[in-house]
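Numbering (full-length UniProt numbering), first residue to last: 1 to 459.
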């Protein structure tokens with residue numbers, strides 16, 4: 001293992017601490033909002049609408065957050081976004097109005113995309129290319145662990161009171177402290193060019209369809225599981241363990257499934273995962289009356305398989321994408337996942353309204369069956385890529401537009417393409433004025449920052 005230099009260890013450690021606090025609070029909020037809405041008597045369609053609001057905010061944040069950070073600087077952007085998020089969380093104490101909740105969740109979705117952009121760009125800048133795989137693994141474990149452990153606090157208080165909202169706001173505010181006290185030049189934020197849907201589909205159709213499908217399913221289940229669990233008389237503590245189990249299952253299953261995908265056609269692994277999620281969804285429906293420990297175990301397995309599909313889809317696309325298009329491809333797949341997450345909560349909530357709470361998992365089974373059929377058809381229409389041309393699996397999370405920079409596979413791709421500008425430590429003014437092409441739906445963000453001041457460069 002290649003270790004970080006001493007100054008970088010302190011900076012990366014401080015930034016990761018900010019991420020732990022932020023994700024811990026976000027994990028609590030993800031469960032608390034639907035629980036409060038369900039306890040207030042609001043229907044599943046309202047909960048789904050609010051879940052869609054978060055996904056819309058996240059999608060918009062993925063598109064525009066990098067421009068905001070490059071315009072005002074990392075620390076200022078983080079402070080502003082954390083303040084907006086904290087204020088929105090406190091606004092939830094006012095009322096359980098659906099539109100208030102949807103607006104706040106949209107704002108928190110945008111803020112989470114921006115905050116993780118700051119965190120991940122800083123970690124990437126301070127991590128040598130040889131260490132990125134190790135650092136990415138550590139980052140994933142601690143942030144997923146924070147998202148899993150934070151909600152367990154819900155068993156020790158009233159979910160309908162203001163206390164937990166204040167705790168979440170405190171987590172959000174405290175995440176600013178390590179970031180604000182970090183010394184050293186701010187990292188560069190790249191100008192991103194994204195790949196058009198048609199181009200991406202031609203390169204790896206199973207990857208883009210898989211990302212949309214898993215966005216449809218995961219976005220719906222994460223938003224609506226608390227409502228489903230409440231309807232079958234599970235306690236808030238059990239619901240918290242269910243959500244924690246899904247996150248921890250994703251960590252446990254991702255590497256074995258990734259290892260398997262390195263040794264066979266990744267599309268067959270995607271098909272296997274789709275089949276497994278379908279079977280587990282129907283099993284959850286059949287065993288809805290079983291004890292809590294059985295429910296937690298089922299959801300652990302469900303999350304383990306379902307939360308692994310996105311990274312396998314990205315790896316499949318990376319096997320097929322030309323080197324100079326790999327970064328754009330990864331960024332576009334994140335948007336495809338987010339687009340699915342926008343539609344999923346509302347679509348699933350209508351099925352829950354039509355056939356009851358178990359409709360959530362009939363919806364999940366239906367979407368995954370469609371994905372299974374599509375991927376199997378694609379395996380008949382196109383041969384698998386040769387083993388020699390495959391890249392190693394990387395457990396890439398769907399977290400921010402710059403996370404692909406931490407992917408070791410992207411190191412050569414970044415240097416091979418003109419998508420990323422300003423990667424050198426020292427840059428000339430001419431370098432900052434270069435703009436990438438706007439073809440295939442690509443775009444560029446705002447002018448780059450002076451890394452010594454964290455301020456926009458002035459003429």
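Using N, Cα and C, we set each Cβ at its ideal position, and we do this for glycine too.
| Which residue's Cα is closest to the Cα of residue 95: 65, 37 and 173? | 37
| field | Span separating the alpha-carbon of residue 105 from that of residue 397 | value | 21 Å
| message | Spatial neighbours of residue 13 within its chain, please: C-beta separation below 6 Å, excluding the five flanking residues on both sides. | response | Same-chain partners within the cutoff: there are none.
| residue 18 versus residue 79 - alpha carbon distance | Spanning the two alpha carbons is a distance of roughly 12 Å.
| Alpha-carbon to alpha-carbon, residue 207 and residue 323 | When rounded, the distance between both Cα atoms is 17 Å.
| query | How many Å lie between residue 198 and residue 320 at the Cα? | reply | The alpha-carbon atoms of residue 198 and residue 320 are separated by roughly 15 Å.
| said: Which residue marks the beginning of the alpha helix (DSSP H) containing residue 380, and which one marks its end? | reply: 359-381
| Hey, quick one: how far does the alpha helix (DSSP H) through residue 223 stretch, first residue to last? | Start and end: 205-231.
| query | Would you report the Cα separation of residue 179 and residue 21, rounded to the nearest angstrom? | reply | 11 Å
| request: State buried or exposed for residue 144, treating a residue as buried only when at least 16 other CB atoms are found within 10 Å of its CB. | output: buried
| said: Quick check on residue 160: does DSSP put it in helix, strand or coil? | reply: coil
| query | Between the region 312-319 and the region 21-34, do three or more beta carbon pairs fall short of 8 Å? | reply | no
| task | Assess, as a yes-or-no matter, whether the region 43-53 is touched by the region 218-232 under the definition of 3 or more beta carbon pairs within less than 8 Å. | result | Between the region 218-232 and the region 43-53 there are three or more C-beta pairs closer than 8 Å, enough to call the two in contact.
| query | Who are the Cβ neighbours of residue 221 in its own chain at under 7 Å, not counting the five residues just before and after it? | reply | 360 and 364
| Just checking my contact of residue 307 with residue 218 at CB under 8 Å: how many whole Å lie between their CB atoms? | 7 Å
| query | What does a CB cutoff of less than 7 Å around residue 250 pick up in its chain, not counting 5 residues either side in sequence? | reply | 144, 303, 304, 307 and 308
| query | What distance in whole Å lies between the Cβ atoms of residue 375 and residue 270, which are believed to be in contact at a cut-off of 8 Å? | reply | 5 Å
| field | Inter-stretch contact (C-beta, 8 Å, three-pair minimum) for the region 237-251 and the region 290-298 | value | yes
| Rounded C-alpha distance that separates residue 89 from residue 52 | Whole-angstrom Cα-Cα distance: 17 Å.
| said: Quick check on the burial criterion: 16 or more other C-beta atoms within 10 angstroms. Buried or exposed for residue 97? | reply: exposed
| said: Suppose contacts are defined by Cβ-Cβ distances below 8 Å. Is residue 109 in contact with residue 81 by that definition? | reply: no
| message | If you follow the alpha helix (DSSP H) that residue 297 is in, where does it begin and where does it stop? | response | 292-306
| request: Run the proximity test for residue 14: is its beta-carbon closer than 7 Å to any non-hydrogen atom belonging to the ligand MN? | output: You won't find the ligand MN in this model; it holds no ligand whatsoever.
| message | So for residue 94, helix, strand or coil by DSSP? | response | coil
| query | In its own chain, which residues sit with a C-beta less than 8 Å from the C-beta of residue 212, not counting the 5 before and 5 after it? | reply | Within the same chain, residue 212 has close Cβ partners 336, 337, 339 and 340.
| said: Helix, strand or coil for residue 419? Go by DSSP, reduced to three states. | reply: In this predicted model, residue 419 has a pLDDT of only 43, less than 50, meaning its place in the structure is not dependable; the value taken from the coordinates is given anyway. Of the three classes helix, strand and coil, the one that applies to residue 419 here is coil, per DSSP.
| said: Could you compute how far the alpha carbon of residue 163 sits from the alpha carbon of residue 373? | reply: Cα atoms of residue 163 and residue 373: separation of roughly 47 Å, rounded to the nearest angstrom.
| query | Taking the Cβ atom as the reference point for each residue, do residue 35 and residue 93 lie within a distance shorter than 8 Å? | reply | no
| query | Can you tell me the Cα-Cα spacing of residue 243 and residue 346, whole angstroms? | reply | 20 Å
| Cα-Cα separation, residue 268 to residue 382 | 12 Å
| said: Beta-carbon within less than 7 Å of residue 84's beta-carbon, same chain only, minus the 5 sequence neighbours each way: which residues are those? | reply: Annotation for residue 84: 107 and 111 place their beta carbon closer than 7 Å to its own, counting only its chain and skipping 5 residues before and after.
| query | Run through DSSP, which three-state label would residue 265 get? | reply | coil
| query | Leaving out five residues before and five after residue 428 in sequence, what residues of the same chain have Cβ atoms less than 7 Å from its Cβ? | reply | Summary for residue 428: the model assigns pLDDT 30, below 50, so the residue's position carries little reliability, and this model does not support an answer.
| query | Does DSSP classify residue 349 as helix, strand or coil? | reply | helix
| query | What is the DSSP secondary structure of residue 287, reduced to helix, strand or coil? | reply | coil
| field | Bounding residues of the alpha helix (DSSP H) (the contiguous stretch that carries residue 151) | value | Here residue 151 belongs to no alpha helix (DSSP H), and DSSP marks it neither H nor E.
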